[in-house]
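In this note's numbering, the protein residues as written are 504 to 805.
All C-beta atoms in this analysis are idealised placements derived from N, C-alpha and C, irrespective of residue type, glycine included.
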């Protein structure tokens with residue numbers, strides 16, 4: 504991993520913004536950020552570059568300049584900028600200038616006092632208690648067909664009882680499952696990139712999941728990945744379960760994750776335990792917690 508000096512040694516307060524963005528791109532890649540994250544950050548920063556290039560060096564950009572830039576983006580630029588996009592671009596600018604300041608390229612961080620515009624995404628759709636039972640029964644019927652298939656039930660039950668994300672589900676290897684762990688059957692969620700290591704965690708597995716899992720393994724004989732199929736193929740499986748159950752909602756990974764979180768929330772599980780099980784940061788939990796309160800019928804956080 505490259506050190507900060509090798510990335511920023513050629514940058515000074517008199518440098519224009521483009522070379523600084525190029526160095527920041529190297530830093531992001533060096534940190535193991537996903538290609539999608541890097542692409543999004545660069546898109547935001549390149550727009551900023553077009554605004555400041557030829558007028559100010561990175562050392563000349565002040566907080567009021569950034570505020571004027573975001574005002575231009577919202578009201579003067581002839582391209583629509585949604586509140587969510589604006590919030591993301593402010594976050595990008597804060598990350599960029601914080602990095603420059605932290606590495607002593609600039610004397611102060613002009614983005615620090617730029618007001619962050621927080622935009623909450625829509626309240627997620629979840630399954631009711633009756634719908635949970637309906638989809639589980641529907642998935643179980645696949646196990647009882649003339650050609651038994653335990654895959655739908657194995658997938659669905661795991662999602663509803665652990666709340667894992669789609670990417671985490673796809674990343675499960677057979678050696679991440681331990682039915683003999685001292686604390687009981689355990690699923691180990693692991694990440695390959697250093698930037699995501701804080702999301703790693705150990706999740707309890709219901710013993711009720713073991714029989715369908717064993718049926719599934721006997722039928723499909725996976726050798727490494729638990730579910731060695733494409734994300735879309737697994738999405739189709741959930742859609743098939745929803746259709747079999749007569750569900751009017753679109754059964755998805757995200758719906759299962761939020762259903763798990765709400766179930767734990769309503770039964771009084773410790774909020775920090777829910778947060779840890781979901782693998783979200785304390786900052787991310789603020790929005791998750793607010794949504795769970797609204798989904799459970801609580802008007803105001805206590």
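**Q.** alpha helix (DSSP H) segment containing residue 593, residue limits
**A.** Start at 1 with the first residue of the chain shown, and residue 593 comes out as number 90. Residue 593: member of the alpha helix (DSSP H) spanning 586-605, first to last residue.
Q) Per DSSP, residue 691 is paired with what? A) For this step, residue 691 is matched to residue 188 along the chain shown. Residue 691 pairs with 705.
Q: Report back the beta-carbon spacing between residue 675 and residue 688 to the nearest angstrom; my notes put them in contact at under 8 Å.
A: Along the chain shown, read from residue 1 onward, the residue named residue 675 stands at position 172. Along the chain shown, read from residue 1 onward, the residue named residue 688 stands at position 185. At roughly 14 Å, the Cβ-Cβ gap does not stay under 8 Å, so residue 675 and residue 688 are not in contact.
**Q.** residue 564 to residue 796 span [Cα, whole Å]
**A.** Locating residue 564 in the chain shown gives position 61, counting from the first residue. Locating residue 796 in the chain shown gives position 293, counting from the first residue. In a straight line, the C-alpha of residue 564 is about 41 Å away from that of residue 796.
**Q.** Cβ-Cβ distance between residue 608 and residue 516 below 9 Å
**A.** Your numbering for residue 608 matches position 105 in the chain shown. Your numbering for residue 516 matches position 13 in the chain shown. Their beta carbons are under 9 Å apart, which means residue 608 touches residue 516 by this criterion.
Q: Can you tell me the Cβ-Cβ gap for residue 655 and residue 642, rounded? I've got them flagged as a contact below 8 Å.
A: Residue numbering aside, residue 655 sits at position 152 when the chain shown is read from its first letter. Residue numbering aside, residue 642 sits at position 139 when the chain shown is read from its first letter. Confirmed, about 4 Å.
Q) Can the beta-carbon of residue 646 be found closer than 9 Å to that of residue 742? A) Along the chain shown, read from residue 1 onward, the residue named residue 646 stands at position 143. Along the chain shown, read from residue 1 onward, the residue named residue 742 stands at position 239. In this structure, residue 742 does not lie closer than 9 Å to residue 646 by Cβ.
Q: Would you mind giving the Cβ-Cβ distance between residue 593 and residue 561, rounded to the nearest angstrom? I have them listed as a contact below 8 Å.
A: In the chain shown, counting from the first residue as 1, residue 593 sits at position 90. In the chain shown, counting from the first residue as 1, residue 561 sits at position 58. At roughly 17 Å, the Cβ-Cβ gap does not stay under 8 Å, so residue 593 and residue 561 are not in contact.
Q. DSSP beta-bridge partners for residue 676?
A. The count along the chain shown starts at 1 and reaches residue 676 at position 173. Paired residues: 728.
Q: Figure out for me which residue from 772, 665, 750 and 584 has the closest Cα to the Cα of residue 704.
A: Here residue 704 refers to the residue found at position 201 of the chain shown. The residue with the shortest Cα to Cα distance from residue 704 is 665.
Q: Can you check DSSP and say which residues form a bridge with residue 681?
A: By one-based count along the chain shown, residue 681 stands at place 178. Partner(s): 689.
Q: Drop a sphere of 10 angstroms on the beta-carbon of residue 791, count the other beta-carbons inside from all chains shown, and report buried for 16 or more, exposed for fewer.
A: Along the chain shown, one-based indexing puts residue 791 at 288. It counts as buried.
Q) Where does residue 764 sit, in a helix, a strand or coil, going by DSSP? A) Numbered from 1 along the chain shown, position 261 holds the residue referred to as residue 764. Residue state, collapsed to three classes: helix.
Q: Give me the Cα-Cα distance between residue 601 and residue 633, rounded to the nearest whole angstrom.
A: Counted from its first residue, the chain shown places residue 601 at position 98. Counted from its first residue, the chain shown places residue 633 at position 130. When rounded, the distance between both Cα atoms is 49 Å.
Q: Measure from the alpha carbon of residue 793 to the alpha carbon of each residue in 780, 782 and 774, then state which is nearest.
A: Within the chain shown, residue 793 is the residue found at index 290, counting from 1. Nearest C-alpha to residue 793: 774.
Q | Close beta carbons around residue 724, own chain, < 8 Å, minus the five adjacent residues each side | A | Sequence index remark: in the chain shown, residue 724 carries index 221 (1-based). Nothing meets the Cβ criterion.
Q. What does a CB cutoff of less than 7 Å around residue 677 pick up in its chain, not counting 5 residues either side in sequence?
A. Working through the chain shown from its first residue, we reach residue 677 at position 174. So the list reads 725, 727 and 729, once near-sequence residues are dropped.
Q. By Cβ distance below 7 Å, which residues in the same chain neighbour residue 777 in space, the five residues on each side in sequence not counted?
A. Here residue 777 corresponds to residue number 274 of the chain shown, with the count starting at 1. Excluding five sequence positions before and after residue 777, the CB atoms of its chain that fall closer than 7 Å to its own CB belong to 764, 767 and 768, given in chain order.
**Q.** Straight-line Cα distance separating residue 698 from residue 528
**A.** Mapped onto the chain shown, residue 528 falls at position 25. Mapped onto the chain shown, residue 698 falls at position 195. Straight-line Cα distance between these residues: approximately 15 Å.
Q: Could you tell me if residue 786 is buried or exposed, where buried requires 16 or more neighbouring beta carbons within 10 angstroms of its beta carbon?
A: Taking the chain shown and counting its residues from 1, one reaches residue 786 at position 283. Counting of Cβ neighbours within 10 angstroms places residue 786 among the exposed residues, the total staying below 16.
Q: Would you kindly check if the distance between the Cβ of residue 694 and the Cβ of residue 681 is under 9 Å?
A: For the purposes of this step, residue 681 is taken as the residue at position 178 of the chain shown. For the purposes of this step, residue 694 is taken as the residue at position 191 of the chain shown. Contact flag unset, no.
Q. So what does DSSP say about residue 787, is it helix, strand or coil?
A. Counting from one through the chain shown, the residue named residue 787 turns up at place 284. If DSSP states are grouped into helix, strand and coil, residue 787 belongs with the helices.
**Q.** Between the CA atoms of residue 576 and residue 582 - distance to the nearest angstrom
**A.** To locate residue 582, count along the chain shown from 1; it is residue 79. To locate residue 576, count along the chain shown from 1; it is residue 73. If I take the Cα positions, the gap works out to 8 Å.
Q | Closest Cα partner of residue 668 within the set 756, 569 and 800 | A | The residue you call residue 668 lines up with position 165 of the chain shown. Checking every option, the nearest Cα to that of residue 668 belongs to 756.
Q. Thinking C-alpha only, which one of 683, 740 and 663 is nearest residue 781?
A. The count along the chain shown starts at 1 and reaches residue 781 at position 278. Nearest C-alpha to residue 781 among 683, 740 and 663: 663.
Q: Measure the Cβ-Cβ separation of residue 587 and residue 624 and say whether it is below 9 Å.
A: Residue numbering aside, residue 587 sits at position 84 when the chain shown is read from its first letter. Residue numbering aside, residue 624 sits at position 121 when the chain shown is read from its first letter. Yes, the pair counts as a contact, with Cβ atoms nearer than the cut-off.
**Q.** Three-state secondary structure assigned by DSSP to residue 629
**A.** The residue you call residue 629 lines up with position 126 of the chain shown. DSSP, read as helix, strand or coil, puts residue 629 in coil.
Q | residue 648 (DSSP reduced to helix, strand or coil) | A | Indexing the chain shown from 1 puts residue 648 at position 145. In the structure shown, residue 648 sits in coil (DSSP, three-state: anything other than H, G, I, E or B).
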